[in-house]
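In our numbering, the protein residues as written are 2 to 47.
Ideal Cβ positions, reconstructed from N, Cα and C, are used throughout, including at glycine.
A quick note: this is a predicted structure, and the numbers were derived from the prediction, not measured.
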């Protein structure tokens, strides 16, 4: 489910879904975004 949503999204704003845990990372990874898959796992992408 997560990968298909990431694949079909055309803009970053489309990923800002309630409960998706979407956010921009900071520090050395400030060019990346993240979504929460489960309590212990995230998908990080650019």
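Per DSSP, reduced to three states, the secondary structure at residue 18 is coil, with no helix or strand assignment. Contact annotation: residue 32 and residue 11 have beta-carbon atoms that are not nearer than 8 Å. Note: residue 37 is bridge-paired with 43 in the DSSP secondary-structure output. Residue 27: not part of any alpha helix (DSSP H); DSSP gives it neither H nor E. Within the same chain, Cβ atoms closer than 8 Å to the Cβ of residue 16 are found at 6, 7, 10, 23, 34 and 36, the five residues on either side in sequence being excluded.
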